[in-house]
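Student: Numbering (this note's numbering), first residue to last: 7 to 583.
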């Protein structure tokens, strides 16, 4: 009996989207037939006039047509969504089939696999190398099509020979290829896990067929490993200690170094007449008393020879715009930008840091004045002038102490709890390079949140500032005393650059590529001759030594004065006998 109660109901295995489409079409057909037959589901009340019936029918037809239009709109949306899903499903199916085909080919053939800054994107692009010559470049009929800055029409050729020996060579003299960080200048044999850089952005690892390397173990090649190798071969040695500062510096270098290569390549192709270089800058050189070495990028205008120092983030932000310009250029779109938006340009009136000076404050902790002529040092460590600076203890109304005031203290601890007043005086600079004008000095003392700035002096290499400002610690605390004993004030010398007319005349009629190559040759020549021609090495501890000698001299004078006082007292005592 229970078996007889069981009912079998047949159901159609239909996709929910198709069901919804079918129902919307049926609803629209129903509404259309109602309008055609004049069947109105709105009740007509007794006593309604013919005009009222016509108006109600007209309103009802408008509502039905609006409902039909809404159904049609929804139907089209669902169809588009459904068709998009079908398209994506077909693409995914096609991609899976292609991936399976490539995986099968990997087992039998050598191939190139991409390396990317994002590990999840590494190994996603695969180029199978066939027997014979594999032509690589940006021309349409290349076997392996590559695009990007510095990629030539016929960039490289990889030969897969009969005995499975694989050889790479340049496709044209202008092609830039790095094999394991070294430039390829002639035919080179490839080995499993070799790193290959085509141009400045296309980084690949060469892998032999899986059948060939079966049973052997090889280390995994990463993007970071390849870039570290390129940096090392370029002469930039990444620190191997495990400190946090070194890790951050290495990270910054690996982020900026490829970007500099890309920026120079785009500058060449767009003829932007600019060259970029990496700089490692100590915190003191950028006006900080503490911190770690930072990565900067020097932007050099090859026409005017003006140079600007860009912090890492400023360079990377501009690099995004440069890449966008290059993509538009490749697409033959309107790619150039107005000067105020051009990432390759810097306002000629932008102030630049000429150099810095560290003024040690240790004499103040002994109530001793400091009056010195100190060297101004640029980020390369070369002297770019001298500065006359004074730091003098004074009274609360700004009157400097003299020898007769006898304010010298034997131990800095004697200052704790006392009020200390002193004057910082910047008299002027001498020997500032003639390419600078509108020169001024900036500095901060202790916990100042903003710069103290001298007046700006123009059109001279020997500007006089006649600047002085009084500072006070009321009272001196242990923290302040520590700053006086071990700290220093960083004075930054700033100015604006004059365009070099001789350089502009020389650059006329020359391409960016020619000027970059010439600039590189000049730089190499300077390195071969000790890098500096007029500059000289500067001992970073020299100013600290000056301070120590000054204090020793002061202490010696004090001891000599005491001896003379004792001798004078002895003479008085002898005379009284």
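Glycine included, each C-beta is placed from N, C-alpha and C at the ideal position.
Could you name each continuous alpha helix (DSSP H) segment of 4 residues or more that falls completely within the segment 293 to 372, going from the start of the chain to the end?
Tutor: Runs found: 318 to 336, 368 to 371.
Student: Just tell me which of 236, 136, 175 has its CA closest to the CA of residue 167.
Tutor: Your numbering for residue 167 matches position 161 in the chain shown. The candidate whose alpha carbon is nearest that of residue 167 is 136.
Student: Label residue 375 either buried or exposed according to how many other C-beta atoms from any shown protein chain fall within 10 Å of its C-beta, with 16 as the threshold for buried.
Tutor: Numbered from its first residue, the chain shown carries residue 375 at position 369. Counting Cβ neighbours within 10 Å, residue 375 comes out buried, since at least 16 surround it.
Student: If you draw a straight line from the alpha carbon of residue 478 to that of residue 290, how long is it in whole angstroms?
Tutor: What you label residue 478 is simply residue 472 of the chain shown in a count that begins at 1. What you label residue 290 is simply residue 284 of the chain shown in a count that begins at 1. Taking the straight line from one Cα to the other gives about 24 Å.
Student: Just to confirm, is the Cβ distance from residue 585 to residue 177 under 7 Å?
Tutor: Outside the shown range of the chain, which is 7 to 583, sits residue 585, and nothing can be said about it.
Student: Exposed or buried, what is residue 399 when buried is set at 16 or more other beta-carbons lying within 10 Å of its beta-carbon?
Tutor: Residue numbering aside, residue 399 sits at position 393 when the chain shown is read from its first letter. So residue 399 counts as buried.
Student: Output needed for residue 424: all residues of its chain with C-beta closer than 7 Å, excluding positions within five of it in sequence on either side, in chain order.
Tutor: Within the chain shown, the letter at position 418 stands for residue 424. Here the set comprises 481, 482.
Student: Roughly how many angstroms lie between the CA atoms of residue 473 and residue 314, to the nearest whole one?
Tutor: Sequence index remark: in the chain shown, residue 473 carries index 467 (1-based). Sequence index remark: in the chain shown, residue 314 carries index 308 (1-based). Whole-angstrom Cα-Cα distance: 27 Å.
Student: Start and end of the beta strand (DSSP E) containing residue 285?
Tutor: Locating residue 285 in the chain shown gives position 279, where the first residue counts as 1. Residues 280 to 287.
Student: Between 524, 307, 138, which has its C-alpha nearest residue 281's C-alpha?
Tutor: Here the question's residue 281 lines up with position 275 in the chain shown. Out of 524, 307, 138, 307 has the C-alpha closest to the C-alpha of residue 281.
Student: Which residues does DSSP pair with residue 227 in a beta bridge?
Tutor: What you label residue 227 is simply residue 221 of the chain shown in a count that begins at 1. Answer is none; residue 227 lacks a bridge partner.
Student: What residues match up with residue 141 in a beta bridge as DSSP calls it?
Tutor: In the chain shown, the residue the question calls residue 141 occupies position 135. Answer is 163, bridged to residue 141.
Student: Taking 7 Å as the cut-off, decide whether the C-beta atoms of residue 279 and residue 232 are in contact.
Tutor: Numbered from 1 along the chain shown, position 273 holds the residue referred to as residue 279. Numbered from 1 along the chain shown, position 226 holds the residue referred to as residue 232. It is not a contact, given that the beta carbons lie outside the stated cut-off.
Student: Express the C-alpha separation of residue 266 and residue 402 in angstroms, rounding to a whole number.
Tutor: Here the question's residue 402 lines up with position 396 in the chain shown. Here the question's residue 266 lines up with position 260 in the chain shown. About 53 Å.
Student: Would you check if the segment 97 to 104 and the segment 172 to 192 touch, i.e. whether three or more CB-CB distances between them fall below 8 Å?
Tutor: Segments in contact, no.
Student: Is the separation between the beta-carbon of residue 143 and that of residue 158 shorter than 7 Å?
Tutor: By 1-based counting over the chain shown, the position of residue 143 is 137. By 1-based counting over the chain shown, the position of residue 158 is 152. Against a cut-off of 7 Å, the Cβ pair of residue 158 and residue 143 comes out as a contact.
Student: Pull up the distance between the alpha-carbon of residue 196 and that of residue 189, whole angstroms please.
Tutor: Mapped onto the chain shown, residue 196 falls at position 190. Mapped onto the chain shown, residue 189 falls at position 183. Near 14 Å, if we compare the C-alpha coordinates of residue 189 and residue 196.
Student: Classify residue 125 as helix, strand or coil using the three-state DSSP reduction.
Tutor: Counting from 1 along the chain shown, the entry for residue 125 is found at position 119. Residue state, collapsed to three classes: helix.
Student: Rounded to whole angstroms, what is the Cα-Cα separation between residue 338 and residue 269?
Tutor: Along the chain shown, read from residue 1 onward, the residue named residue 338 stands at position 332. Along the chain shown, read from residue 1 onward, the residue named residue 269 stands at position 263. Near 19 Å, if we compare the C-alpha coordinates of residue 269 and residue 338.
Student: Taking the CB atoms as reference points, tell me whether residue 395 and residue 382 lie closer together than 7 Å.
Tutor: Along the chain shown, one-based indexing puts residue 395 at 389. Along the chain shown, one-based indexing puts residue 382 at 376. Not in contact: residue 395 and residue 382 (Cβ atoms no closer than 7 Å).
Student: Compare the beta carbon distance of residue 430 and residue 373 with 7 Å and say whether it is the shorter of the two.
Tutor: On the chain shown, residue 430 is found 424 positions in, with the first residue counted as 1. On the chain shown, residue 373 is found 367 positions in, with the first residue counted as 1. Against a cut-off of 7 Å, the Cβ pair of residue 373 and residue 430 comes out as no contact.
Student: Reducing DSSP to helix, strand and coil, say where residue 389 ends up.
Tutor: Taking the chain shown and counting its residues from 1, the one referred to as residue 389 is at position 383. It is a strand residue.
Student: Considering just the uninterrupted stretch of the alpha helix (DSSP H) at residue 217, what are its terminal residues?
Tutor: As a first step, residue 217 is located in the chain shown; it is residue number 211 there, counting from the start. Looking at the DSSP string, the run of the alpha helix (DSSP H) that includes residue 217 is 216 to 219.
Student: Verify whether the separation of the beta carbon atoms of residue 262 and residue 119 is less than 7 Å.
Tutor: Stepping through the chain shown from its first residue, residue 262 is reached at position 256. Stepping through the chain shown from its first residue, residue 119 is reached at position 113. Not closer than 7 Å, so no.
Student: Spatial neighbours of residue 370 within its chain, please: C-beta separation below 8 Å, excluding the five flanking residues on both sides.
Tutor: To locate residue 370, count along the chain shown from 1; it is residue 364. For residue 370, where only same-chain residues beyond five positions count, the Cβ hits under 8 Å are 376, 397, 399, 426, 428, 490.
Student: For the alpha helix (DSSP H) that residue 452 lies in, which residues bound it at each end?
Tutor: Here the question's residue 452 lines up with position 446 in the chain shown. It is not in any alpha helix (DSSP H) - residue 452 carries neither H nor E in the DSSP assignment.
Student: I'd like to check one pair, residue 216 with residue 116: are the Cβ atoms closer than 7 Å?
Tutor: Counting from 1 along the chain shown, the entry for residue 116 is found at position 110. Counting from 1 along the chain shown, the entry for residue 216 is found at position 210. No, Cβ-Cβ distance for residue 116 and residue 216 is not below 7 Å.
Student: Would you list the one or two residues that DSSP bridges to residue 399?
Tutor: As a working mapping, residue 399 is identified with position 393 in the chain shown. DSSP lists 428 as partners of residue 399.
Student: Is the beta carbon of residue 318 sitting closer than 7 Å to the one on residue 258?
Tutor: Here residue 318 refers to the residue found at position 312 when the chain shown is read from its first residue. Here residue 258 refers to the residue found at position 252 when the chain shown is read from its first residue. Contact: yes.
Student: If you compare alpha carbons, which of 123, 172, 124 is closest to residue 140?
Tutor: Counting from 1 along the chain shown, the entry for residue 140 is found at position 134. Cα-wise, what sits closest to residue 140 is 172.
Student: Determine contact between the segment 351 to 366 and the segment 500 to 508, defined as no fewer than three beta-carbon pairs at a distance below 8 Å.
Tutor: Yes: the two stretches touch, three or more of their Cβ pairs being nearer than 8 Å.
Student: Look at the alpha carbon of residue 356 and the alpha carbon of residue 198, and state the distance between them as a whole number of angstroms.
Tutor: Position 350 of the chain shown holds residue 356. Position 192 of the chain shown holds residue 198. Spanning the two alpha carbons is a distance of roughly 50 Å.
Student: Mind checking whether residue 220 and residue 251 have CB atoms under 7 Å apart?
Tutor: As a working mapping, residue 220 is identified with position 214 in the chain shown. As a working mapping, residue 251 is identified with position 245 in the chain shown. No, Cβ-Cβ distance for residue 220 and residue 251 is not below 7 Å.
Student: Report the CB separation of residue 311 from residue 506 in whole angstroms; it is logged as a contact under 8 Å.
Tutor: Within the chain shown, numbered from 1, the residue matching residue 311 stands at position 305. Within the chain shown, numbered from 1, the residue matching residue 506 stands at position 500. Their Cβ separation, rounded to whole angstroms, is 5 Å, which keeps residue 311 and residue 506 in contact under 8 Å.
Student: Would DSSP call residue 443 helix, strand or coil?
Tutor: Taking the first residue of the chain shown as 1, we reach residue 443 at position 437. Strand.
Student: Under a Cβ-count criterion, where at least 16 other Cβ atoms within 10 Å of its own Cβ denotes burial, should residue 572 be classed as buried or exposed?
Tutor: On the chain shown, position 566 is the one that residue 572 refers to. Here residue 572 scores only 49 on pLDDT, less than 50, and its place in the model should not be relied on; the value that follows carries that caveat. It counts as exposed.
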